[in-house]
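Remarks on the structure that follows.
Residue numbers (my numbering), protein chains in the order written: chain X, 1 to 104; chain A, 105 to 663.
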């Protein structure tokens, strides 16, 4: 699992760099974020939740059965929206109310 | 390198679960100055980065702390410290209430009590648990958080800790931090063994790949007594994503089944190690793959599971969505992970007393780095952070002084600058890391040998790990982050050596898979109902066998 950062969307705020628990994300000379060590990503999605312009999405590596879908989150108040873009163009979404406990 | 010197009352190494709670406790009980050194950023560092799905250690209505101790004791086949487990268990509920005050969402029943999931668990929305803890710490005026400062070693003279050395992994600043007391809360060790998916997804593992056993290594190097490294932890996980299985087993009652559809878990037993062992055996005997049986669950359960996994291990939800089938439509394949050393799940770590004092004066341990008390989970780590903090506040009243000598500073600085200065090295840090993982996998009971080993193999492992440590002397780092990777590799190699020595010392098989010694395949209570401890003396690991601290008694450091 790792992340893909859309260089064109990135605004260089550095929040993803700050939060990464592995210090894996850097900003290049043009202040655009890139992942310096893609194989070292734990898949915690912390950076995705920080990004104000939704430029970061995560995916499963092909070695663990990934099929090319990309996931990001968008926050609306207490709702965390998980948005999954599939390679065939279809989009699915799961909405989680952060004030609601898991049932399991 | 530029040098920055800091003097503080308390240094906390590691801003994870235990470290954060220790800082909060010290701030509540004293006006002492605290510095937390965190090698990443406190907001999402440690085990709780993605969140956690439930609190697994809580004393539910009708149960007592002693019940929790009994559960842990049974799961570890007796090799636990009941005194440590009891002092921890007595605090589980109070720290849980504190989490709720900080803003954690906990499910309640119609009477306003926390809704139980089984005998020990309560249900939460734990996606933001670490940011909540981090915010509470960052609001404390007497606590300074140094993010992206990696502590490379503690400084100890005459068995008294004086502080620690660290390196700013982006700034390259060399830190000398003098402290009257130190709480070590660095977590356990991942990455010692070859992982399930050693290629691109090598870090898609159960435990934080950034927890490298730093605290264990610091203790080992400075002659602290360490315990039970032979009780490795192997998690039973969803295949590929290495996501948790407990939510399936306990949440929707999914049973472990083999490819013939037979429920096999009852055949092997239900302790943590037996669940792994059963899965290994079913595969070996030709009845794999193994699954958690989720087929036939309800659409409501499907939806809840997809959400629950997004709150702790999003990759599993993605896996379900990409496959086009929800858990009700396909059983979830399971596998054992590579072994980890982690004192929050098994009993490996620093040998501490009930105050969480290590055998080094002024050095306290909490969370996954502290031994003797397995099944801590989140709340147990918080409880230990509190216990260590209370002890430190008391210790500081003694006005026992400490100082880091200029000689120590120069020696540490020279080592760091040597790694940065070498302009060439034949091997890379990554190459030696992979070599270490291959050695442990092949000769010290990794996935490759179905977690089994014998003495001859362990001897080979020991020899090869020593060779790799010698090779690591000549590694080269281009920048401070690469320098951290060299230190992390060397920490892991130090821990590997101790793990090998402990595996070799216990002449029995008390826990299947966790420590399955083919030379001694049976459990032997007559000779091995004991703690296997160790201490580094003159460069060699000395094994110390200690009697079990029985119920109602308390262990105190005396020799």
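Beta carbons are placed, not taken as given, at the ideal position from N, Cα and C, and that holds for glycine. As the structure is a prediction and not an experimental result, all values here were calculated from the model.
Here residue 408 of chain A carries a helix assignment [DSSP, helix/strand/coil]. Scanning chain A for C-beta atoms nearer than 7 Å to the C-beta of residue 41 of chain X yields 307, reported in chain order.
Taking all protein chains shown into account, residue 658 of chain A has fewer than 16 neighbouring C-beta atoms within 10 Å of its C-beta and is therefore exposed.
DSSP places residue 20 of chain X in no alpha helix (DSSP H); its state is neither H nor E. A direct Cα-to-Cα measurement between residue 619 of chain A and residue 455 of chain A gives close to 19 Å. In this structure, the beta-carbon distance from residue 65 of chain X to residue 87 of chain X does not fall below 7 Å.
Taking every protein chain shown into account, the CB of residue 647 of chain A has fewer than 16 other CB atoms within 10 angstroms, so this residue is exposed. Taking 7 Å as the threshold, the shortest C-beta distance from residue 104 of chain X to chain A falls below it. Boundaries of the beta strand (DSSP E) around residue 283 of chain A: 278-288.
When C-beta distances to chain X are compared with 9 Å, the residues of the segment 128-150 of chain A below that value are 143, 144, 145, 147, 148, 149, 150, in chain order.
Note on the segment 381-464 of chain A: whole beta strand (DSSP E) runs with a minimum of 3 residues are 394-396, 436-440, in chain order.
Following the DSSP letters along the chain, one finds residue 42 of chain X in no beta strand (DSSP E), marked with neither H nor E. Among the residues of the segment 19-53 of chain X, those with a Cβ less than 8 Å away from any Cβ of chain A are 19, 20, 21, 22, 23, 38, 39, 40, 41, 42, 43, 44, 45, 46, in the order of the chain.
DSSP lists A:117, A:250 as the beta-bridge partner residues of residue 141 of chain A. Around the beta carbon of residue 145 of chain A, 16 or more other beta carbons lie within 10 angstroms, which makes this residue buried. When CB distances to chain A are screened at a threshold of 9 Å, the residues of the segment 55-69 of chain X falling below it are 58, 59, 60, 61, 62, 63, 64, 65, 66, 67, 68, 69, in chain order.
In this chain, the alpha helix (DSSP H) harbouring residue 499 of chain A covers 481-500. Residue 56 of chain X is not a Cβ neighbour of residue 44 of chain X, given a cutoff of 7 Å. The continuous alpha helix (DSSP H) containing residue 632 of chain A extends over residues 629-632. Along the segment 86-101 of chain X, the positions whose C-beta sits under 7 Å from a C-beta of chain A are 92, 94, 96, 98, 99, 100, 101, read in chain order. Residue 426 of chain A has a beta carbon lying within less than 7 Å of a beta carbon in chain X. If the five residues before and after residue 489 of chain A are omitted, its C-beta is found closer than 6 Å to the C-beta atoms of 122, 125, 126, 470, all from its own chain and listed in chain order.
In this structure, the CA atom of residue 327 of chain A is about 10 Å from the CA atom of residue 321 of chain A. Secondary structure of residue 619 of chain A (DSSP, three-state): strand. In this structure, the straight-line span from the alpha carbon of residue 315 of chain A to that of residue 13 of chain X is close to 27 Å. Among the bridge pairs identified by DSSP, residue 229 of chain A is matched with A:209. Under the three-state reduction of DSSP, residue 239 of chain A is assigned to helix. Residue range 584-609 is occupied by the alpha helix (DSSP H) that includes residue 602 of chain A, with no beta strand (DSSP E) assigned at that position. Among the residues of chain A, none has a CB under 8 Å from the CB of residue 83 of chain X; the nearest is roughly 11 Å distant. Identification of chain X residues near residue 287 of chain A by a Cβ-Cβ cut-off of 7 Å yields none; the smallest Cβ-Cβ distance measures about 20 Å. Residue 330 of chain A carries a strand assignment under DSSP once its states are collapsed to helix, strand and coil. With a threshold of 16 other beta carbon atoms within 10 Å, residue 54 of chain X falls short and is exposed. Listed in chain order, the non-local C-beta contacts of residue 82 of chain X below 6 Å within the same chain comprise 73, 94, local neighbours out to five positions each way being set aside. The beta-carbon separation of residue 364 of chain A and residue 325 of chain A, rounded to 50 Å, does not stay under the 8 Å limit for a contact. Residue 627 of chain A is positioned such that its CB atom lies no closer than 7 Å to that of residue 610 of chain A. Taking the Cα positions, residue 570 of chain A is about 42 Å away from residue 656 of chain A.
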